[in-house]
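Notes for the one structure printed next.
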Amino acid sequence: MAHTQSISLGKKLQGKIAIVTGGASGIGRAVARLFAEHGALAVVIADIQAEKGKSVAESIGLQRCSYVKCDVADEEQVKSMVEWTVNTYGGLHIMFSNAGIVNSSEQTILELDFMQYDTLLRCHGGDGRRYAHRLHDVEACGVGLVRAASQQLGAHGIRINCVSPPVIPTPLAEKVGFSARELEKILGPLISLKGGALTVEHVAEAVLFLASDDSAVITGHNLVVDGGLTGLISIGTKS
Numbered sequence: 003m004a005h006t007q008s009i010s011l012g013k014k015l016q017g018k019i020a021i022v023t024g025g026a027s028g029i030g031r032a033v034a035r036l037f038a039e040h041g042a043l044a045v046v047i048a049d050i051q052a053e054k055g056k057s058v059a060e061s062i063g064l065q066r067c068s069y070v071k072c073d074v075a076d077e078e079q080v081k082s083m084v085e086w087t088v089n090t091y092g093g094l095h096i097m098f099s100n101a102g103i104v105n106s107s108e109q110t111i112l113e114l115d116f117m118q119y120d121t122l123l124r125c126h127g128g129d130g131r132r133y134a135h136r137l138h139d140v141e142a143c144g145v146g147l148v149r150a151a152s153q154q155l156g157a158h159g160i161r162i163n164c165v166s167p168p169v170i171p172t173p174l175a176e177k178v179g180f181s182a183r184e185l186e187k188i189l190g191p192l193i194s195l196k197g198g199a200l201t202v203e204h205v206a207e208a209v210l211f212l213a214s215d216d217s218a219v220i221t222g223h224n225l226v227v228d229g230g231l232t233g234l235i236s237i238g239t240k241s
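Offset between the sequence shown (1-based) and our numbering: plus 2.
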């Protein structure tokens with residue numbers, strides 16, 4: 003009996019249906035795989051990278067993982083993808099909004115193209131040094147949106163949380179010139195918690211926690227996963 007109980011406790015998403023946007027690579031791929039490992043009944047990978055998305059779905063197992071081509075900057079595509087998920091699997095318990103974008107613009111705040119800004123907000127940000135001012139705005143807006151949404155949707159039993167990692171090695175980070183070695187060199191001295199570089203798997207574990215019943219009474223929360231980087235920056239700013 004004890005052995006059976008320990009097995010069930012290890013499957014934190016048993017029978018759950020989840021959507022992972024941007025699930026074809028990087029953090030999204032790690033999250034999709036971890037969700038499946040923890041017993042998710044179905045994981046839907048929503049991404050514009052068709053070849054990679056299909057490959058991830060196949061590696062997890064097509065009996066419980068599907069790929070749907072979806073541009074999250076297009077509201078109608080997102081709506082259709084969610085409807086397809088509900089109609090195909092009979093419901094939706096978890097949605098991890100992870101997709102990110104980058105573009106070549108180097109505008110200042112005063113010159114900001116609001117069409118691009120809207121696209122960034124829809125996609126939840128990107129990575130890169132020259133996008134830092136917009137990333138700060140997107141993160142602040144995202145956390146504020148999470149808190150507001152958690153207040154409105156709490157009455158329906160829906161929890162809304164977010165995870166905030168620093169720039170970590172992903173295909174998106176590499177696209178703007180951040181190799182894993184460069185990130186280690188830049189962030190290593192700034193991270194107070196020693197013992198290894200931050201990875202997509204670390205972020206995925208945080209997402210799993212917030213998606214599972216382990217966080218049943220947590221909502222409107224921004225879980226920072228950065229090895230102490232934010233705390234160090236805050237101390238430096240105050241001094």
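No residue lacks a Cβ here, since even glycine has one placed at the ideal position from N, Cα and C.
message: To the nearest angstrom, how far is the alpha carbon of V80 from that of H158?
response: Their Cα atoms are separated by approximately 21 Å.
- prompt: For I19, does the three-state DSSP call read helix, strand or coil?
  reply: In the three-state DSSP reduction, I19 falls in the strand class (E or B).
task: Please classify R31: is it buried, with 16 or more other beta-carbons within 10 angstroms of its beta-carbon, or exposed?
output: Burial call: buried.
task: Give every residue of the same chain whose Cβ lies closer than 7 Å to the Cβ of A26, excluding the five residues on either side of it in the sequence, and list them in chain order.
output: Closer than 7 Å at the Cβ level, and outside the excluded window around A26, lie I47, D49, Q51, K54, G55 and V58.
message: I need the straight-line Cα distance from G93 to I19, nearest angstrom please.
response: Approximately 7 Å between the Cα atoms of the pair.
message: Measuring straight from C-alpha to C-alpha, what distance separates D228 and E207?
response: Note on geometry: alpha-carbon atoms of D228 and E207 lie some 13 Å from one another.
Buried versus exposed, by CB contacts within 10 Å (16 or more), T221: Buried is the call here.
Among E186, Y91, E203 and A75, nearest to K196 - alpha-carbon criterion: Nearest of E186, Y91, E203 and A75 to K196, Cα basis: E186.
- request: For R35, count neighbouring Cβ atoms within 10 angstroms of its own Cβ and tell me buried if that reaches 16, exposed if not.
  value: With 16 or more other Cβ atoms within 10 Å, it is buried.
task: Measure the alpha-carbon distance for I162 versus G17 and round it to whole angstroms.
output: Their Cα atoms are separated by approximately 20 Å.
- prompt: In its own chain, which residues sit with a C-beta less than 7 Å from the C-beta of V148, not counting the 5 before and 5 after it?
  reply: Cβ-Cβ distances below 7 Å link V148 to I162, N163, C164, G222 and N224 in the same chain, with the five nearest sequence neighbours on each side left out; the list follows chain order.
field: Expected contact under 8 Å - CB spacing of F98 and T201 to nearest Å
entry: No, F98 and T201 are not in contact; Cβ-Cβ is about 17 Å, not under 8 Å.
task: Indicate whether V205 and I29 have their beta-carbon atoms separated by less than 7 Å.
output: Taking 7 Å as the cut-off, the beta carbon of V205 is found closer than this to the beta carbon of I29.
- prompt: Per DSSP, which one or two residues make a beta bridge with I96?
  reply: Answer is A20.
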